[in-house]
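**Q** Sharing a structure with you now.
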Amino acid sequence: MPSNVIEIVDLTKTYKMGENEVLALRGVSLEIQAGEYVAVMGPSGSGKSTLMNIIGCLDRPSSGKYILEGIDVSTFSRDRRAEIRNDKIGFIFQNFNLLARTSAIENVELPLIYSQKNSLSDQQMRERARLCMDRVGLKGWEHHTPAQLSGGQQQRVAIARALINEPAILLADEPTGNLDSKTSEQVMEIFEKLNEEGISIVLITHEMDIAEHSKRIIMLRDGVVVTDHAVSARRLIAQ
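In this note's numbering, each number is its position in the sequence shown, counted from 1, plus 273.
Structure, rendered in structure tokens:
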């Protein structure tokens, strides 16, 4: 496996707004190594959402390269990007995105069901989902529906679902945006634990106290990287 799980080279993205063009990314280059925990920050209009969409294979750049685990996915078709998303990227969203009438463990299993590379039996899928729920502290909650779970528990289900396909990276988009401060800290502790286990994490956030749970912060402004620095050792020790 390449040492860089993500390599982005001179990435640009232009959107057409009527007769006008908006340059959302202006030649972004960065590398993220396997096992890193990186937060991407920036004000509204900075390009962080656009960058997240490209890293998550939800969109492709206008120019430049995006290499994920050694594969240049920059020009992949919509269908090919969907395959990459399901196999290599675990998503965690602010709104949880769980199926309301489906049990927690069935929500966790969903990416396996849609994976073209999945050769597991139903029993093996259920056991893997159960293990993922155990990892995020939800043992005993497998058969509850989202309505029977707190916001923090729903986000834990979403994290377990993101882990099920053993992805190259976890991509978390404002994962604490709908949670109170105490629950947010508990969710961030889960991310820290997963990163300690060697999982690569890219966190999109506008909150500095959340970003400081990571080990590296990349700041975007007007479509370019303005700072890229490690979180201070003092902050890491305080955690």
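We put the beta carbon where it would ideally sit given N, CA and C, even for glycine.
Apply the 10 Å Cβ neighbour rule to Q426 and answer buried if 16 or more other Cβ atoms are within range, or exposed otherwise.
**A** So Q426 ends up on the buried side.
**Q** Give the list of continuous alpha helix (DSSP H) stretches no shorter than 4 residues that lie fully inside the stretch 440-479.
**A** Whole alpha helix (DSSP H) segments, 4+ residues: 454-469.
**Q** Check for me: the alpha helix (DSSP H) holding L436 runs from which residue to which?
**A** Looking at the DSSP string, the run of the alpha helix (DSSP H) that includes L436 is G424 to L436.
**Q** Just confirm the distance between the C-beta atoms of G363 and L422, as a whole number of angstroms; I'd bet it's less than 8 Å.
**A** With 8 Å as the limit, G363 and L422 do not qualify as a contact, their Cβ atoms being about 19 Å apart.
**Q** Can you tell me whether DSSP reads D495 as helix, strand or coil?
**A** Here D495 sits in coil by DSSP.
**Q** Can you tell me the Cβ-Cβ gap for V346 and I491, rounded? I've got them flagged as a contact below 8 Å.
**A** Contact doesn't hold; Cβ gap of about 20 Å is too wide.
**Q** Within a Cβ cutoff of 6 Å, which residues of the same chain sit near A433, ignoring the five residues on either side of it in sequence?
**A** So the list reads V381, C405, M406 and V409, once near-sequence residues are dropped.
**Q** Taking 8 Å as the cut-off, does the stretch 412-420 touch the stretch 439-453 (at least 3 CB pairs, one atom from each stretch)?
**A** No, the stretch 439-453 is not in contact with the stretch 412-420.
**Q** Who are H502's beta bridge partners in DSSP?
**A** H502 pairs with I490.
**Q** To the nearest angstrom, report how far apart R507 and K466 are at their CA atoms.
**A** Here the model assigns R507 a pLDDT of 39, short of 50, so the residue's position is not dependable, and the following value carries that caveat. Taking the straight line joining both Cα atoms gives about 18 Å.
**Q** Would I327 and Y339 be called neighbours here (beta carbons separated by less than 9 Å)?
**A** In this structure, Y339 lies closer than 9 Å to I327 by Cβ.
**Q** To the nearest angstrom, report how far apart L436 and R429 are at their CA atoms.
**A** Going from the Cα of L436 to the Cα of R429 covers about 11 Å.
**Q** Is M274 helix, strand or coil by DSSP?
**A** Residue placement at M274 cannot be trusted, given a pLDDT of 46 that sits under 50; what the coordinates show is reported in the next sentence. Note: M274 maps to coil in three-state DSSP.
**Q** Which one or two residues does DSSP pair with L243 in a beta bridge?
**A** With the chain represented from 274 up to 512, any question about residue 243 goes unanswered, as that position is not in the structure.
**Q** What are the boundary residues of the beta strand (DSSP E) that includes V381?
**A** Careful: V381 lies outside any beta strand (DSSP E), inside the alpha helix (DSSP H) at A377 to Y387.
**Q** Checking 9 Å against the spacing of the C-beta atoms, do A431 and V475 come in under that value?
**A** Contact flag unset, no.
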